[in-house]
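**Q** Just so you know, we're using the numbering used here here: the sequence shown kicks off at 7 and counts up by one.
We put the beta carbon where it would ideally sit given N, CA and C, even for glycine.
If you're wondering where the values come from, they're calculated on a predicted model, not measured in any experiment.
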Amino acid sequence: MAKKITDNISWVGKVDWELKMFHGNELSTRRGSSYNAYLIRGASKTVLLDTVWGPYDKEFVARLKEEIPLDKIDAIVMQHNETDHSGALRELLREIPGTPVYCTAKGEAILRGHYHQDWNYVNVKTGDKLDLGGGESLTFIEAPMLHWPDTMFSYYNGCGGVLFSNDGFGQHYASESLFNDEVPQAEMMREAEKYFANILAPFCPMVTRKVKEILAMNLPLAMICPSHGVIWRRDPASIVQQYLLWADAYAENQITIVYDTMWNGTRAMAEAIARGIEAADGAVTVKLFNAAKFDKNNILTEIFHSKALLLGSPTINNGYSYAVAGLLEMVKGLKLKKKSAAAFGCYGWSGEGVKLLSEHLASAGFNIVDEGIRAQWNPDAAALAACEEYGKAFVSKLQ
Ligand code: FEO
Numbered sequence: 007m008a009k010k011i012t013d014n015i016s017w018v019g020k021v022d023w024e025l026k027m028f029h030g031n032e033l034s035t036r037r038g039s040s041y042n043a044y045l046i047r048g049a050s051k052t053v054l055l056d057t058v059w060g061p062y063d064k065e066f067v068a069r070l071k072e073e074i075p076l077d078k079i080d081a082i083v084m085q086h087n088e089t090d091h092s093g094a095l096r097e098l099l100r101e102i103p104g105t106p107v108y109c110t111a112k113g114e115a116i117l118r119g120h121y122h123q124d125w126n127y128v129n130v131k132t133g134d135k136l137d138l139g140g141g142e143s144l145t146f147i148e149a150p151m152l153h154w155p156d157t158m159f160s161y162y163n164g165c166g167g168v169l170f171s172n173d174g175f176g177q178h179y180a181s182e183s184l185f186n187d188e189v190p191q192a193e194m195m196r197e198a199e200k201y202f203a204n205i206l207a208p209f210c211p212m213v214t215r216k217v218k219e220i221l222a223m224n225l226p227l228a229m230i231c232p233s234h235g236v237i238w239r240r241d242p243a244s245i246v247q248q249y250l251l252w253a254d255a256y257a258e259n260q261i262t263i264v265y266d267t268m269w270n271g272t273r274a275m276a277e278a279i280a281r282g283i284e285a286a287d288g289a290v291t292v293k294l295f296n297a298a299k300f301d302k303n304n305i306l307t308e309i310f311h312s313k314a315l316l317l318g319s320p321t322i323n324n325g326y327s328y329a330v331a332g333l334l335e336m337v338k339g340l341k342l343k344k345k346s347a348a349a350f351g352c353y354g355w356s357g358e359g360v361k362l363l364s365e366h367l368a369s370a371g372f373n374i375v376d377e378g379i380r381a382q383w384n385p386d387a388a389a390l391a392a393c394e395e396y397g398k399a400f401v402s403k404l405q
């Protein structure tokens, strides 16, 4: 069912309470998500911004028909064409073929690549306007790599100023409430941070540039309407400021220890190192995660949140564990800046796991604090005491 945001803007998206994984199996969602689409009824033009994910295409079109006769839609604006937003376009354009589809040139290429259709594309660039009548318009702002090359934002000068930001400022957060002031704040911000860490972190320089560019426009801003999660209605500037912080080598006073373990030796090392850190610095938050048992995207968010990472694995077949390898591959892709790291782990004979982990952490952009620590076979009391001392020394090397 459509929901009114203002007198002339309606939300016509889909709340997906069932979603658990996004981007195939790459990204977990703790609290579902939503695919937000919006309908703006201007004085002379009615415009639809974005659609929803393919599995909901028929439902989307049927509900849209309840809101408006489809032939009253004058234009469709596709701000970003990943299939969670463009998935219902084919179903919709079957009903209203020829309706202009406003998108960037890269957006057209993506739509053609995904759907192989010769739709009525209208390419737009930053500063181009779609006149809605009555002095109101949508102004397009290209936002490449936030988070795909085709991404653009759309600024509506009615209703006190509304920025439609597609994936930017989004959260994978299903909610029957549309607005940020109507949901639990800590829960919402956890999802906003997880979303940033896992989706936007690789593009921090572009985020900073684009946010500053938009702030320099000095546009009135009553609301930010993203394509996932709640709308930023109360103090929309706060999420903009938060994005500037997250995009600038963000780190809280936290050290995250991530490990895998075969016979609990590397786990015992992790716990001993944590005791050492805690003894040396009572102010720092220390968190431990078994990479094989905990959600990879939640762990990545904790690493994003931290100033340092300790990564542990037993040496296995001259390498390290499957779970740690997968996580290391993912963390490398996030291109995190100014974070420290070191490696640790048990071994039986060859023992090169820690050295390899250190090398791969360095290639992922971490500042390697030292050569790490190893323990042969199952760590005894002396080995665990050495791990505690190692934890204390690790903290002092971060100063
Ligand atoms: Fe929500 Fe990049 O699609």
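1) CB-CB under 6 Å to residue 349, same chain, minus the five flanking residues each way: which ones, in chain order?
2) On the criterion of 16 or more Cβ atoms from any shown chain inside 10 Å, does residue 132 qualify as buried, or is it exposed?
3) Within a Cβ cutoff of 8 Å, which residues of the same chain sit near residue 139, ignoring the five residues on either side of it in sequence?
4) Residue 160 and residue 175: beta carbons closer than 8 Å?
5) I want to check one thing, is the minimum distance from the CB of residue 154 to the heavy atoms of the ligand FEO below 7 Å?
6) Assuming residue 354 contacts residue 380 (C-beta within less than 8 Å), just tell me the rounded distance between them.
7) Measuring alpha carbon to alpha carbon, tell me which residue in 168, 8, 45 is nearest residue 69.
8) Within its chain, find whatever has a CB closer than 6 Å to the CB of residue 90; leave out the 5 residues flanking it on each side and keep chain order.
9) From residue 135 to residue 326, what distance separates their C-alpha atoms?
10) According to DSSP, is residue 69 helix, strand or coil?
11) Could you tell me the distance, in whole angstroms, from the CA atom of residue 310 to the CA atom of residue 219?
12) Short of 8 Å in beta carbon distance, which residues of its chain neighbour residue 258, apart from the five on each side in sequence? Order them along the chain.
13) Could you tell me which residues DSSP pairs with residue 47 in its beta bridges?
14) Can you find the residues in the same chain that come closer than 8 Å, C-beta to C-beta, to residue 193, ignoring five residues on each side of it along the sequence?
15) Run through the DSSP bridge pairs and tell me what residue 382 is partnered with.
16) Are the Cβ atoms of residue 81 and residue 108 separated by less than 8 Å?
17) Look at the alpha carbon of residue 390 and the alpha carbon of residue 333, and state the distance between them as a whole number of angstroms.
18) I want to know whether the region 231-242 touches the region 180-190 - three or more CB-CB distances under 8 Å.
19) Taking all protein chains shown into account, decide if residue 86 is buried (16 or more other Cβ within 10 angstroms of its Cβ) or exposed.
20) Provide the residue span of the alpha helix (DSSP H) that contains residue 252, from first to last.
21) Identify every residue that forms a DSSP beta bridge with residue 27.
22) Since residue 278 contacts residue 298 with CB under 8 Å, what's their CB separation in whole angstroms?
23) Does the beta-carbon distance from residue 356 to residue 307 come in below 8 Å?
24) If you compare alpha carbons, which of 300, 263, 255, 196 is closest to residue 343?
25) Excluding five sequence neighbours on each side, which residues of the same chain lie with their C-beta closer than 6 Å to the C-beta of residue 94?
26) Residues near the ligand FEO, CB to any non-hydrogen atom under 5 Å, in chain order?
27) Should residue 164 and residue 303 be called a contact, given that it needs their Cβ atoms to be closer than 8 Å?
28) Reducing DSSP to helix, strand and coil, say where residue 114 ends up.
29) For the beta strand (DSSP E) that contains residue 20, what are its first and last residues?
**A** On the basis of the data shown:
1) 317, 360, 363, 364, 378
2) exposed
3) 48, 49, 50, 51
4) no
5) yes
6) At roughly 11 Å, the Cβ-Cβ gap does not stay under 8 Å, so residue 354 and residue 380 are not in contact.
7) 8
8) 41, 59
9) 54 Å
10) helix
11) 25 Å
12) 291, 311, 312, 313
13) 52
14) 37, 179
15) 353
16) yes
17) 25 Å
18) yes
19) buried
20) 242-252
21) 34
22) Wrong, their Cβ atoms sit about 20 Å apart, outside the cutoff.
23) no
24) 255
25) 57, 58, 63, 66
26) 88, 90, 173
27) no
28) helix
29) 20-22
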